[in-house]
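Trainee:
There are 2 protein chains.
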Amino acid sequence: MFIAMNRFKVVKGAEADFEELWLKRDTHLKETPGFVEFHLLRGPEREDHVLYCSHSVWRTYQDFEAWTKSEQFRKSHSGAKSSKPLYLGPPDFEGFHALQTVSSAVAGG
Amino acid sequence: MFIAMNRFKVVKGAEADFEELWLKRDTHLKETPGFVEFHLLRGPEREDHVLYCSHSVWRTYQDFEAWTKSEQFRKSHSGAKSSKPLYLGPPDFEGFHALQTVSSAVAGG
Numbered sequence: 043m044f045i046a047m048n049r050f051k052v053v054k055g056a057e058a059d060f061e062e063l064w065l066k067r068d069t070h071l072k073e074t075p076g077f078v079e080f081h082l083l084r085g086p087e088r089e090d091h092v093l094y095c096s097h098s099v100w101r102t103y104q105d106f107e108a109w110t111k112s113e114q115f116r117k118s119h120s121g122a123k124s125s126k127p128l129y130l131g132p133p134d135f136e137g138f139h140a141l142q143t144v145s146s147a148v149a150g151g
Numbered sequence: 043m044f045i046a047m048n049r050f051k052v053v054k055g056a057e058a059d060f061e062e063l064w065l066k067r068d069t070h071l072k073e074t075p076g077f078v079e080f081h082l083l084r085g086p087e088r089e090d091h092v093l094y095c096s097h098s099v100w101r102t103y104q105d106f107e108a109w110t111k112s113e114q115f116r117k118s119h120s121g122a123k124s125s126k127p128l129y130l131g132p133p134d135f136e137g138f139h140a141l142q143t144v145s146s147a148v149a150g151g
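Read top to bottom, the protein sequences are chains W and Y. Position 22, counted from 1, in the first sequence is what the numbering used here calls 64; the numbers after and before it change by one each time, with no gaps. Position 63, counted from 1, in the second sequence is what the numbering used here calls 105; the numbers after and before it change by one each time, with no gaps.
1. If you measure from the beta carbon of Ser-112 of chain W to each beta carbon in chain Y, is any gap under 7 Å?
2. If you draw a straight line from the alpha carbon of Ala-56 of chain Y to that of Pro-127 of chain Y, how long is it in whole angstroms?
3. What are the start and end residues of each continuous beta strand (DSSP E) run of 3 or more residues lying completely inside the region 58-145 of chain W, in chain order?
4. Could you work out which residue in W:Asp-134, W:Leu-141, W:Gln-114 is closest to Leu-93 of chain W when comparing CA atoms only?
5. Give me, in chain order, the residues of the same chain whose beta-carbon lies closer than 6 Å to that of Met-43 of chain W; leave out the 5 immediate sequence neighbours on both sides.
6. Tell me whether the beta-carbon of Phe-106 of chain W lies closer than 7 Å to the beta-carbon of Ala-46 of chain W.
7. Output, in sequence order along the chain, the residues in the region 57-80 of chain W whose CB is closer than 9 Å to any CB in chain Y.
8. Just how far apart, CA to CA, sit Arg-88 of chain Y and Thr-102 of chain Y?
9. With a cut-off of 7 Å, does the C-beta of Ala-12 of chain Y fall near any C-beta of chain W?
10. In chain order, what residues of the same chain lie with their CB nearer than 7 Å to the CB of His-70 of chain W, ignoring the 5 residues before and after it?
11. How would you write the range of the beta strand (DSSP E) that Ala-46 of chain Y sits in, first residue to last?
12. What's the gap between the Cα of Val-123 of chain Y and the Cα of Leu-63 of chain Y?
13. Would you say Gly-85 of chain Y lies against chain W (beta-carbon separation less than 7 Å)?
14. Between His-91 of chain Y and Gln-104 of chain W, what straight-line distance do the alpha-carbon atoms span, to the nearest angstrom?
15. Just mark Gly-131 of chain W as buried or exposed, buried being the case when its beta carbon has 16 or more other beta carbons within 10 Å.
16. Please name the residues in the region 114-131 of chain Y whose beta-carbon is closer than 8 Å to at least one beta-carbon of chain W, in chain order.
17. With a Cβ-Cβ cutoff of 7 Å, do Phe-138 of chain W and Leu-65 of chain Y count as a contact?
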């Protein structure tokens, strides 16, 4: 399993604009081979920003890599731009490989 | 859905010790109410460390919070210590609330 995360430092006051931009976009992910799940995450609030993460889970690193080279990827990253500055700096990409997985013994958590 | 992550900067050369310490511990998570899934993740390699994350998914923030106050939590954090220094600085905790979830249209990704 591979998890791809992009960390966004969203400036104070722009949280609603950032969320609207993300929540209305069409990601084309659902039918992508090897795609498991995507979350838009709201993280901790710091002094000058709120941390958000796009968090996508893939069956393997190779599935993720194939998607980044696809036409769908290009389309989903060429979407609507905001009319005001939303970020402190560029997003910070981090890719993670799962070494161990423990699942709930109870269905549905 | 709530995701709790702890980010560990593991010094170069200590990766195997860190992984062994984590992979052999008993987390008691499986039967915890509201627990969904845990992953130990290996992330990007930087100049002086490798980033690892403990990544646990909870049904709600309240489920996570209840676990942090439990005897099981205390037990799972009082485990084996390493005989050599593994980290650059303390772990960095980040909690995330899911704003949006997109799941694969194909069972099993």
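Think of the CB as a built atom: it goes at the ideal place given N, C-alpha and C, for glycine as much as any other residue.
Mentor: The short version:
1. Against the first sequence, residue 112 of chain W aligns to sequence position 70. No, no contact with chain Y.
2. Against the second sequence, residue 56 of chain Y aligns to sequence position 14. Against the second sequence, residue 127 of chain Y aligns to sequence position 85. About 8 Å.
3. Whole beta strand (DSSP E) segments, 3+ residues: 77-87, 91-100, 134-145.
4. One-based indexing of the first sequence puts residue 93 of chain W at position 51. Of the candidates W:Asp-134, W:Leu-141, W:Gln-114, the one whose C-alpha sits nearest the C-alpha of Leu-93 of chain W is W:Asp-134.
5. Within the first sequence, numbered from 1, the residue matching residue 43 of chain W stands at position 1. Answer for Met-43 of chain W: Ala-140, listed in chain order.
6. As a first step, residue 106 of chain W must be located in the first sequence, where it is residue number 64. As a first step, residue 46 of chain W must be located in the first sequence, where it is residue number 4. For Phe-106 of chain W and Ala-46 of chain W, yes; Cβs fall inside 7 Å.
7. Residues Glu-61, Trp-64, Leu-65, Thr-69, Leu-71, Lys-72, Glu-73, Thr-74, Pro-75, Gly-76, Phe-77, Val-78, Glu-79, Phe-80.
8. In the second sequence, the residue the question calls residue 88 of chain Y occupies position 46. In the second sequence, the residue the question calls residue 102 of chain Y occupies position 60. One alpha carbon belongs to Arg-88 of chain Y, the other to Thr-102 of chain Y, and they sit about 33 Å apart.
9. Outside the shown range of chain Y (43 to 151) lies residue 12 of chain Y, about which nothing can therefore be said.
10. Translated into the one-based positions of the first sequence, residue 70 of chain W becomes position 28. Contacts found: Gln-114, Lys-117, Ser-118.
11. For the purposes of this step, residue 46 of chain Y is taken as residue 4 along the second sequence, with counting starting at 1. Here the beta strand (DSSP E) through Ala-46 of chain Y covers 44-53.
12. The sequence position of residue 123 of chain Y within the second sequence is 81, counting from 1. The sequence position of residue 63 of chain Y within the second sequence is 21, counting from 1. Note on residue identity: the sequence assigns Lys, not Val, to residue 123 of chain Y. The straight-line gap from Cα to Cα measures roughly 8 Å.
13. Position 43 of the second sequence holds residue 85 of chain Y. With 7 Å as the cut-off, Gly-85 of chain Y counts as an interface residue toward chain W.
14. Residue mapping note: residue 91 of chain Y aligns to position 49 of the second sequence, counting from 1. Residue mapping note: residue 104 of chain W aligns to position 62 of the first sequence, counting from 1. Here the C-alpha atom of His-91 of chain Y lies approximately 24 Å from the C-alpha atom of Gln-104 of chain W.
15. Working through the first sequence from its first residue, we reach residue 131 of chain W at position 89. Gly-131 of chain W is exposed by the Cβ-count criterion.
16. Hits within the stretch: zero.
17. Start at 1 with the first residue of the first sequence, and residue 138 of chain W comes out as number 96. Start at 1 with the first residue of the second sequence, and residue 65 of chain Y comes out as number 23. Taking 7 Å as the cut-off, the Cβ atoms of Phe-138 of chain W and Leu-65 of chain Y do not count as close.
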